[in-house]
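Asks:
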Amino acid sequence: MSQRKAATFYKVPRTTLQDRMNGALTRVAAHAHERRLTDVQEDVLAEWIKV
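For the sequence shown, the numbering used here gives the first residue as 269, with consecutive numbering after it.
(1) Where are the alpha helix (DSSP H) runs, 4 residues long or more, that stay fully inside the region 288 to 312, in chain order?
(2) Please report the residue range of the alpha helix (DSSP H) in which Lys273 lies.
(3) Would you tell me roughly how many angstroms separate the C-alpha atoms of Ser270 and Lys318, rounded to the nearest one?
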């Protein structure tokens, strides 16, 4: 499937697909180093709060 067809099918900008194909990180991945807690720490804290 071409990038243009995929972009139309999934309703995302063609440039987004092009960027990802060229190795660009998602916004979440690009800013992961700025987070205070890791995903694991966040999950543990959330479970502790539920109890």
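By construction, the Cβ of each residue, glycine as well, lies at the ideal position given by its N, Cα and C atoms.
Replies: The structure says:
(1) If only uninterrupted alpha helix (DSSP H) runs of at least 4 residues are considered, those enclosed by the region 288 to 312 are 295 to 298.
(2) For this step, residue 273 is matched to residue 5 along the sequence shown. Annotation: the continuous alpha helix (DSSP H) that includes Lys273 extends over 271 to 278.
(3) Counted from its first residue, the sequence shown places residue 270 at position 2. Counted from its first residue, the sequence shown places residue 318 at position 50. Computed Cα separation, rounded: 46 Å.
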